[in-house]
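Just add 69 to wherever you are in the sequence shown, counting from 1, and you've got this note's numbering. Here a beta-carbon is modelled for each residue, glycine too, at the ideal position from N, C-alpha and C.
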Amino acid sequence: MKRIFQRTKLLLTIAILSFALQGCSSYFHQPTSNRNARLGEETGVTQGLRTLPPPSDKLAVAVYKFRDQTGQYKPSENGINYSTAVTQGGTNILLKALEESGWFTTIERENVSNLLNERKIIRSSVAQYKPENENLPPLLFAGIILEGGIISYDANIITGGAGLKYFGAGGSTQYRQDRVTVYLRAVATKTGKILKTIYTSKTILSQSFQAGMFRFVRFKRLLEAETGFTINEPSQMAVTEAIEKSVQSLIIEGIRDGLWTAEANQKTRVANLLADYNREEIESRETNIYGARNDAQRLRFSLMPTTSMLRYSGDYGPSSSRAGVGVALNFGLTPHWNVQTAGVIGNFAAQEYFKRKVIVGELNLQYRFLPYQKINPFVQLGTGIVSASDKSYFDSKSKVEETINAGLGLEYMVSRTVGIHISCQYNYFFEDSFDLASRGSHNDAFWKASAGLSIYLGGRYKR
70 MKRIFQRTKL
80 LLTIAILSFA
90 LQGCSSYFHQ
100 PTSNRNARLG
110 EETGVTQGLR
120 TLPPPSDKLA
130 VAVYKFRDQT
140 GQYKPSENGI
150 NYSTAVTQGG
160 TNILLKALEE
170 SGWFTTIERE
180 NVSNLLNERK
190 IIRSSVAQYK
200 PENENLPPLL
210 FAGIILEGGI
220 ISYDANIITG
230 GAGLKYFGAG
240 GSTQYRQDRV
250 TVYLRAVATK
260 TGKILKTIYT
270 SKTILSQSFQ
280 AGMFRFVRFK
290 RLLEAETGFT
300 INEPSQMAVT
310 EAIEKSVQSL
320 IIEGIRDGLW
330 TAEANQKTRV
340 ANLLADYNRE
350 EIESRETNIY
360 GARNDAQRLR
370 FSLMPTTSML
380 RYSGDYGPSS
390 SRAGVGVALN
400 FGLTPHWNVQ
410 TAGVIGNFAA
420 QEYFKRKVIV
430 GELNLQYRFL
440 PYQKINPFVQ
450 LGTGIVSASD
460 KSYFDSKSKV
470 EETINAGLGL
480 EYMVSRTVGI
490 HISCQYNYFF
500 EDSFDLASRG
510 SHNDAFWKAS
520 AGLSIYLGGR
530 YKR
């Protein structure tokens, strides 16, 4: 018992350290003193925005407003919170992103009334000292107006966590994911035609970790310790990254569609940029809102060599687990539904008085939950027969019994045609006579745990 307790403490310590090291950057840089002002942090898109090929001619653009259109407030568990969920300064972020790209000449339009008033003041002041024919230069006009805004903020699209405690010691972790969505469109000022519309999104991750110990180490000696931290990704940084991504995408798609061009000596860089962007578009189409990518293409026909562990559960006991080998052949009716025939050769045994050589044959109907993803859970239901003999596997006088089974499993695609699968299945006999004894209120049964390869041979679905 003491050894088990020591091992448990070791496992708990390892688990707590693993959770702590995941957030060590924030944990070991806790704000214990005042910090000086600094330049704003960059996002993961900023550097890519700066390294775009230079334009042949800069585009004059105007932004009248690019603001929060969600109307949402921060979620609160303690009543109403009147703070907005996202920043109200989207116009400033967009103008900064346009400047970082090096592709645009930005023109002030958000507060153009202030600009016009100031020009009037200049005219009235300068007129007293200079001839009337010396006028202010005309204002620049924009060939393109950028419109759009932050159109969605979805809170708690994924929440979850995990925890473990044993004898008063343990830890837990929780996470939450929000999502912000941005739309940006370019409008030609001469015709009013919408040249391009871009849609980008960014998730916002919040994580918390707590660990503690509460136990008596001696008589009247209580040890209590707690630690923890919470990491909240700033929503302003998420909005900034989404806006910068939309500006970058606007430039690249405009080059691809011939709306504007890069410098003539940048053909290789432009070609590589467009190829990378096309791959990114394909990946985006194959990825759902939870970040799971539908990039697997399972074929209709597959062969599955397996190794199995068989555990008999009947009128003799205690039960014993024995190894077996088998093979299965799958035929896909649809990407989700699959028909499987399978066979296993092995042994059923109890630790005393019972041992049989068996051949198990099955016909199963299988449902795949995520057929287009690399990790695919599945469930199956079917029927089968079990041939058993004391002498050999292929004894002509073998006893044959019918079963019904149900199971579940998981498959991971290693490549386009090869996967790894594991499964667990419960098989129940129609009659309680398989082991030549009839006791209790339940029929004989057995468990089958399998692992092996999935080799896809051919046949495609219409996706």
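Buried versus exposed, by CB contacts within 10 Å (16 or more), residue i
i    : result
F74  : Because F74 sits at a pLDDT of 48, beneath the cut-off of 50, its placement in the model cannot be relied upon, and the following sentence gives the value as read from the coordinates. Classification for F74: exposed.
A344 : exposed
A231 : exposed
Q420 : exposed
G237 : exposed
K71  : Below a pLDDT of 50, predicted positions are generally treated as unreliable, and K71, at 49, falls in that range; the measurement from the model is reported next regardless. So K71 counts as exposed.
I358 : exposed
S303 : Ser is not the amino acid found at residue 303; the sequence shown has Pro there. So P303 counts as exposed.
Q442 : buried
Q116 : exposed
V429 : buried
Candidates the options, of which the one nearest residue i by Cα
i    : options                   : result
P122 : N334, P440 and Y346       : N334
S458 : V251, K426, V256 and N445 : K426
S535 : N407, G109 and Y385       : The structure shown does not extend to residue 535, since the chain spans only 70 to 532, so no value can be given for it.
L184 : R254, L209 and I162       : L209
F283 : K234, N416 and P440       : K234
R119 : A166, M306 and I162       : A166
T242 : I227, F278, R254 and G229 : F278
F453 : L434, N341 and D126       : Per the sequence shown, residue 453 should be read as Gly rather than Phe. G453 has its Cα closest to that of L434, out of L434, N341 and D126.
V455 : L439, G476, V413 and Y422 : V413
R485 : S467, D501, I524 and K466 : I524
E177 : L379, T160 and V483       : T160
H405 : V429, P440 and S510       : P440
I351 : D364, A294, S193 and A340 : D364
Rounded Cβ spacing between residue i and residue j (contact assumed at less than 8 Å)
i    : j    : result
G488 : N474 : Actually they are not in contact, since the Cβ atoms of G488 and N474 sit about 22 Å apart, beyond 8 Å.
Y530 : R354 : Not a contact, Cβ separation roughly 17 Å.
S221 : T112 : Rounded, the Cβ-Cβ distance is 19 Å, inconsistent with contact.
A129 : Q141 : Contact doesn't hold; Cβ gap of about 34 Å is too wide.
S519 : S377 : 4 Å
T258 : G212 : 6 Å
Distance between residue j and residue i (C-alpha atoms, nearest Å)
i    : j    : result
T299 : A280 : 12 Å
N105 : I190 : 38 Å
V448 : R437 : 7 Å
L490 : I267 : Per the sequence shown, the amino acid found at residue 490 is His instead of Leu. Approximately 40 Å, taken between the alpha carbons.
T175 : P446 : 51 Å
R362 : P144 : 29 Å
T309 : R391 : 59 Å
I273 : G360 : 13 Å
W516 : N496 : 6 Å
N301 : V394 : 50 Å
D464 : S389 : 23 Å
E322 : I214 : 17 Å
G478 : P387 : 27 Å
L505 : N407 : 35 Å
Y481 : I226 : 25 Å
E110 : L163 : 15 Å
T472 : A397 : 17 Å
Q366 : N347 : 20 Å
A411 : Q494 : 12 Å
A535 : E179 : Residue 535 lies beyond the residue range present for the chain, which begins at 70 and ends at 532; the question has no answer from this structure.
Cβ shell of residue i (< 7 Å), same chain only, five flanking positions each side left out
i    : result
A311 : V249, V251, T269, S270 and K271
K314 : V114 and T269
L526 : L368, F370, S371 and L372
V286 : L292
A418 : Y381, S389, R391 and K424
W329 : P124, L128 and G323
L432 : T410, G451, T452 and G453
P134 : According to the sequence provided, residue 134 is Lys. The question's Pro does not apply to it. So the list reads T160 and E179, once near-sequence residues are dropped.
Cut-off 6 Å between Cβ atoms - residues of its own chain near residue i, not counting five sequence neighbours on either side
i    : result
F503 : E470 and D513
T296 : A280
L375 : The displayed chain sequence assigns Thr, not Leu, to residue 375. Cβ neighbours of T375 beyond the five flanking positions: G395, S519 and G521.
N399 : S371, N407 and Q409
G528 : L368, R369 and F370
F499 : E471
Check: residue i C-beta below 7 Å from any heavy atom of the ligand GDP
i    : result
Y525 : As far as ligands go, the structure on display features none, and thus does not contain the ligand GDP.
Cβ-based neighbour list, residue i, same chain, cut-off 8 Å, excluding 5 preceding and 5 following
i    : result
S170 : L118, R119, L121, V316, Q317 and I320
F536 : Outside the shown range of the chain, which is 70 to 532, sits residue 536, and nothing can be said about it.
Y244 : I227, T228, G229, G230, L274, S275, Q276 and S277
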